[in-house]
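Residue numbers (the numbering used here), protein chains in the order written: chain D, 3 to 161; chain W, 3 to 161.
Heads up, the beta-carbon is just placed ideally off N, CA and C, and yes, glycines get one too.
2 protein chains.
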Amino acid sequence: MTSKRAIQDFYPENLAHCYGCGAHNPQGLQLKTYWAEDEADTTITCFMPKPYHTAIPGFVYGGLIASLIDCHGTGTAALAAYRAEGREPGSDPPLRFVTAHLAVDFLKPTPLGPRLTLRGKVTEIKGRKVVVAVSVWVDAQMTAQGEVVAVRMPENFGF
Amino acid sequence: MTSKRAIQDFYPENLAHCYGCGAHNPQGLQLKTYWAEDEADTTITCFMPKPYHTAIPGFVYGGLIASLIDCHGTGTAALAAYRAEGREPGSDPPLRFVTAHLAVDFLKPTPLGPRLTLRGKVTEIKGRKVVVAVSVWVDAQMTAQGEVVAVRMPENFGF
Chain D
3 MTSKRAIQDF YPENLAHCYG CGAHNPQGLQ LKTYWAEDEA DTTITCFMPK PYHTAIPGFV
63 YGGLIASLID CHGTGTAALA AYRAEGREPG SDPPLRFVTA HLAVDFLKPT PLGPRLTLRG
123 KVTEIKGRKV VVAVSVWVDA QMTAQGEVVA VRMPENFGF
Chain W
3 MTSKRAIQDF YPENLAHCYG CGAHNPQGLQ LKTYWAEDEA DTTITCFMPK PYHTAIPGFV
63 YGGLIASLID CHGTGTAALA AYRAEGREPG SDPPLRFVTA HLAVDFLKPT PLGPRLTLRG
123 KVTEIKGRKV VVAVSVWVDA QMTAQGEVVA VRMPENFGF
């Protein structure tokens, strides 16, 4: 069970083109990150890999797993930052995070076919930085875990 | 300048479907990893992102960068393992690596448009494990760097 709207639905229109989670990227993965309704302080997303998202035949491509961890991490960072400020996504100013550091441990091969579930938990939130631990699950089996160091996007990003 | 054939061209037929670098994945990225001809002990690959490989508009998606680092890392591991055994890719037994750990530091936004160049250098090779440092470049600017801990794929992978 999840809350009704994903954090990505609140990303500003001009910042919603991410290949991993942008609503305005039709070729992208369109990941959606929610607060889990039945797990405290936990975010959740689900993703169904396509047959071509393969590594070794039968198993999910590690770069896809890294991508999902990345976007779920920055989405979780935004959700947590709104909560820390005591306000709802959609209120101003918008909070949008980018990744400074991404790490992934591939614990075992992830079978290609079933739906993947990712869970996020904030391990640090300080100033503009939010650190998120993300785990990747197939049913009750954790197949990968990662860490995302997310930083609130500066106004002058890229310039 | 690069050597003539990529390591991926020597991956066994039944292990050449990787979304990132498999010759038999038409929807995939088809990355190719070579020994650089003019840089000692360095591997190289180039990749031209598609317009939809965007993060924030104008910049390359971090998950794509992580994917390229991952596949260039495992490709570099295979090249280095053949060299360490004093034999050429294509000789038996084939050497194929999978990723145990991937880490990426996003140093600055990577502009979307120009061709990306990735360089790999082995920092450790011991038994079945090869550690590879990978850097991502746009012209003379390094925009990201990563580390791949690659492990020679066991015969019973996934089982």
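| Asked | Found |
| --- | --- |
| Beta strand (DSSP E) segments (min. 3 residues) lying fully within the segment 69-111 of chain W | 99-108 |
| Three CB pairs or more closer than 8 Å across the segment 136-151 of chain D and the segment 98-110 of chain D | yes |
| Three-state secondary structure assigned by DSSP to Ile127 (chain D) | strand |
| Residue burial classification, Ser69 (chain W) (beta-carbon count within 10 angstroms, cutoff 16) | buried |
| Under 8 Å from the C-beta of His103 (chain D): neighbouring residues of chain W | Ala105, Val106, Asp107, Phe108 |
| Residue from W:Arg98, W:Ala42, W:Val133 whose Cα sits closest to the Cα of Asn16 (chain W) | W:Arg98 |
| Thr56 (chain W) at chain D interface by Cβ criterion, 9 Å | yes |
| Where Glu157 (chain D) sits in the DSSP three-state scheme | coil |
| Rounded separation between Glu90 (chain D) and Asp43 (chain D) - CA only | 15 Å |
| Inter-residue Cα distance where the pair is Thr56 (chain D) and Glu149 (chain D) | 22 Å |
| Nearest-angstrom Cα separation, counted from Arg85 (chain D) out to Ala83 (chain W) | 49 Å |
| Ile67 (chain W), buried or exposed, once every other Cβ within 10 Å from all chains shown has been counted against 16 | buried |
| Cβ of Lys52 (chain W) within 9 Å of any chain D Cβ | yes |
| Beta strand (DSSP E) runs contained entirely in the segment 25-75 of chain D, provided each spans 3 or more residues | 45-49 |
| Contacts around Ala18 (chain W), its chain only, beta-carbon distance under 6 Å, and the 5 residues preceding and following it disregarded | Gly24, Ala25, His26 |
| For Thr35 (chain D) and Ile132 (chain D), the rounded distance between their alpha carbons | Correcting the residue type first, residue 132 (chain D) is Val in the shown sequence and not Ile. So the two alpha carbons sit approximately 16 Å from each other. |
| Distance CB(Val151 (chain D))-CB(Thr101 (chain D)) smaller than 9 Å | yes |
| Residue from D:Val140, D:His103, D:Ala8, D:Thr76 with nearest C-alpha to Glu39 (chain D) | D:Ala8 |
| Gly122 (chain W) beta carbon less than 9 Å from that of Gly2 (chain W) | A query on residue 2 (chain W) cannot be resolved here, the shown segment of chain W reaching from 3 to 161 and no further. |
| Same chain, Cβ closer than 7 Å to Arg2 (chain W), neighbours up to 5 away in sequence not counted | Residue 2 (chain W) is absent from the model: chain W starts at 3 and stops at 161. |
| Cutoff 9 Å: Gln29 (chain W) Cβ touching any chain D Cβ | yes |
| Contacts that His74 (chain D) makes with chain W (C-beta to C-beta distance below 8 Å) | Those do not exist, as His74 (chain D) stays about 11 Å from chain W at its closest Cβ, beyond 8 Å. |
| Closest residue to Asp11 (chain D) among D:Pro96, D:Tyr63, D:Ala105 (Cα-Cα distance) | D:Pro96 |
| CB contact below 9 Å: Val100 (chain D) versus chain W | yes |
| Test: Met3 (chain W) CB closer than 9 Å to a CB of chain D | Confidence at Met3 (chain W) is low in this model, with a pLDDT of 47, below 50, so its placement is unreliable and the value that follows should be read with caution. Not one chain D Cβ lies under 9 Å of Met3 (chain W). |
| Cβ neighbour criterion (16 or more within 10 Å) applied to Trp125 (chain W) | Reading the sequence as shown, one finds Thr at residue 125 (chain W) and not Trp. Result: exposed. |
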